[in-house]
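First comes the structure, then the notes that go with it.
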Amino acid sequence: MKKTRAYSKLDVLLINAPSPFPGSILSHRLQGLPPLGLGYIGTWLIRNNYSAKILDFYIKEVTIIDLESLIKSDYPKIIGISTTTETYKCGLAIAKHIKLIDSDIVVFMGGCHATFEYEDALKSGFIDLVVRHEGELIVKELCDYYIKGVGSLDKIKGISYISDGVIKKNQRKEFIENLDMLPFPDRRLYDLEKYAVPASISTSRGCPGRCIFCAATALSGGRYRVRTAENVIEEFKYLKSLGNNHIQIVDDTMTADVDRLHRLLKLLKEEKLGVTWNCESRVDIMTKELLKEMIECGCTSIQFGVETGSQEMLDCLRKSITIEQIRNTFLWAKELGISTATCLMIGQPYDTIETINKSIEFALELQSYGAKVVFSVSTPFPGTFMYNNPERVGIKIMDFDTDNYNTLTPVYDTDNFSREDIQKLYYDALIKLSKGQIRPEAKEIYRRISKYLKQQVAEITN
Numbered sequence: 000m001k002k003t004r005a006y007s008k009l010d011v012l013l014i015n016a017p018s019p020f021p022g023s024i025l026s027h028r029l030q031g032l033p034p035l036g037l038g039y040i041g042t043w044l045i046r047n048n049y050s051a052k053i054l055d056f057y058i059k060e061v062t063i064i065d066l067e068s069l070i071k072s073d074y075p076k077i078i079g080i081s082t083t084t085e086t087y088k089c090g091l092a093i094a095k096h097i098k099l100i101d102s103d104i105v106v107f108m109g110g111c112h113a114t115f116e117y118e119d120a121l122k123s124g125f126i127d128l129v130v131r132h133e134g135e136l137i138v139k140e141l142c143d144y145y146i147k148g149v150g151s152l153d154k155i156k157g158i159s160y161i162s163d164g165v166i167k168k169n170q171r172k173e174f175i176e177n178l179d180m181l182p183f184p185d186r187r188l189y190d191l192e193k194y195a196v197p198a199s200i201s202t203s204r205g206c207p208g209r210c211i212f213c214a215a216t217a218l219s220g221g222r223y224r225v226r227t228a229e230n231v232i233e234e235f236k237y238l239k240s241l242g243n244n245h246i247q248i249v250d251d252t253m254t255a256d257v258d259r260l261h262r263l264l265k266l267l268k269e270e271k272l273g274v275t276w277n278c279e280s281r282v283d284i285m286t287k288e289l290l291k292e293m294i295e296c297g298c299t300s301i302q303f304g305v306e307t308g309s310q311e312m313l314d315c316l317r318k319s320i321t322i323e324q325i326r327n328t329f330l331w332a333k334e335l336g337i338s339t340a341t342c343l344m345i346g347q348p349y350d351t352i353e354t355i356n357k358s359i360e361f362a363l364e365l366q367s368y369g370a371k372v373v374f375s376v377s378t379p380f381p382g383t384f385m386y387n388n389p390e391r392v393g394i395k396i397m398d399f400d401t402d403n404y405n406t407l408t409p410v411y412d413t414d415n416f417s418r419e420d421i422q423k424l425y426y427d428a429l430i431k432l433s434k435g436q437i438r439p440e441a442k443e444i445y446r447r448i449s450k451y452l453k454q455q456v457a458e459i460t461n
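Numbering-wise (this note's numbering), the sequence shown opens with residue 0 and increments by one.
Shown next as structure tokens:
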């Protein structure tokens, strides 16, 4: 057993690693929101009598100097780093810096990327353990082991580590079936004034969809679990009591359980909290009547996953939706006066010039309905069907540099296009979508496109 420092003011420091590419969609989404996953872990630790703090590198003012100061002042025993594929290398750099300051600190990594690429993380030499999938219960057990000396590493489910030079992958931890058991994230863990949207809430985990480009299903063990409507309303009340009048629901698809959605809307009407909210949804569950009811209950904007303007491509992506459903939903939204947003991808498996042109035409059509639309580059993130089965979807991954997994940079060739082709097609799509805001002959076209994209994504995700 690795011993932690005898004297320490802090048991666990939780770090949100930053993105090396601030123009990406993920980066813009995370910059404005407190990291709820770390909040859940930190709050669960506090509930179990461990001290915890969060250091969020997505806040612009936070630097490596802040990390050094915190380590030297609070002497944390354990530090956890949350990463995505895009932020993975930054997370490793932070881990290396921690070990240079104090090699006795136990450093673990978690998050979607680390869950599926745990071997690479452990081989870096800076990560002691990887926490796979959900972290609340696992990190508490790590504290029991390292701080109290209870149990043994080989008995802690859901972790990977190196023992005697061999990578060990313990049995997967059971997923939390009753999400209501978790306390609401303690907002005192965040510097809320630094966030554009300080009040955010997670009402479910996972997604019932099986899209080939999304890792949500694999990360949640193929399960879609929801909090009860009553529990969600209580957190709405809690956030309202803190002075928040708008709440962002961060679920991948908060409307998938239609019965729960109706129950939640009923409670919102009864409680009359006076708060507005926004969410992400699928178009296949939408009706004009449901959309109207959501608006009446405070919903001000919805982001829908469209991905492409080709029905053939929707089927290839396993979206299980139709162009007609998409068109109807956005038309209803325009008629009812609610804001909508969406993203379409360029360079997807099986994409052709014809399907890409259909996507551009459809994007312009959705724009005409008042939707905020942005294009991204199709990216095969670890954990997705695309990443695990490239040959089955007709792609050849050529670039494994995680910095480039930013939805702006092509990393694979397809049967129809090279990475260079996809990059040009992506730029062309942005130019057409911008309607003259980006000029094709601009000498600094990449800079202009990046600036335009940053503005568009900020509108969608704020």
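Cβ atoms here follow ideal geometry from the backbone N, Cα and C, with glycine treated the same way.
Where K95 is concerned, the enclosing alpha helix (DSSP H) starts and stops at Y87 to I100. Counting along the chain, H245 sits inside the beta strand (DSSP E) bounded by residues H245 to I248. In this structure, G205 and R226 do not form a Cβ contact; the two beta carbons are roughly 12 Å apart against a cut-off of 8 Å.
A113: member of the alpha helix (DSSP H) spanning C111 to F115, first to last residue. Residue state for L152 is assigned as helix, using DSSP reduced to three classes. Taking the CA atoms as reference points, D412 sits about 11 Å from Y349. When the Cα atoms are used, L266 and E353 turn out to be separated by approximately 47 Å. Residue state for G304 is assigned as strand, using DSSP reduced to three classes.
Counting other Cβ atoms within 10 Å of its Cβ, A332 reaches 16 or more and is therefore classed as buried.
In the DSSP assignment, C342 falls outside any alpha helix (DSSP H) and within the unbroken beta strand (DSSP E) covering S338 to I345. The beta carbon of I58 is closer than 6 Å to those of K193 in its chain, skipping five residues each way along the sequence. For N387, the closest C-alpha among the options V130, D250, I63 and C213 is that of C213.
Between the C-alpha atoms of G109 and E334 there is a straight-line separation of about 43 Å. When the Cα atoms are used, V106 and M253 turn out to be separated by approximately 33 Å. With a cutoff of 8 Å on beta-carbon distance, D10 and I77 are scored as near each other. Residue state for F374 is assigned as strand, using DSSP reduced to three classes. Distances from the alpha-carbon of N230 to those of G220, T202 and A215 put T202 closest. With at least 16 other beta carbons inside 10 angstroms of its own, T383 counts as buried. With contacts defined as CB atoms closer than 8 Å, L121 and I166 qualify as a contacting pair. Bounds of the alpha helix (DSSP H) holding S68 are I63 to D73.
In the three-state scheme derived from DSSP, where H, G and I count as helix and E and B as strand, L181 is classed as coil. Membership of T413 in the beta strand (DSSP E) is indicated by the continuous run Y411 to T413. A check of alpha carbon separations from G273 across D251, L238 and R262 identifies L238 as the nearest. Looking at the backbone, the Cα of K434 and that of T307 are separated by about 19 Å. Collapsing the DSSP output to three states places I211 in coil. In terms of Cβ geometry, Y425 and T84 do not form a close pair [threshold 8 Å]. Beyond the five residues adjoining it in sequence on each side, K168 comes within less than 6 Å, by CB distance, of S159 in the same chain, given in chain order. The beta carbons of V305 and L343 sit about 6 Å from each other, so the pair counts as a contact at 8 Å. Counting only the Cα atoms, T378 lies some 24 Å from S123.
The Cβ neighbour count for L407, taken over all protein chains shown within 10 Å, is at least 16; the residue is labelled buried.
A Cβ-Cβ distance of about 6 Å is found for the pair I70 and D101, placing them in contact under the 8 Å criterion.
Between V392 and I161 a beta carbon distance of about 33 Å is seen, past the 8 Å cut, so the two are scored as non-contacting. Taken in chain order, the complete beta strand (DSSP E) segments of 3 or more residues contained in the stretch 396-431 are 411-413. When DSSP states are grouped into helix, strand and coil, T216 belongs to the helix group. In this structure, L66 lies away from I53, with their beta-carbon atoms at least 8 Å apart. Per DSSP, Y145 is one residue of the alpha helix (DSSP H) stretching across E135 to K147.
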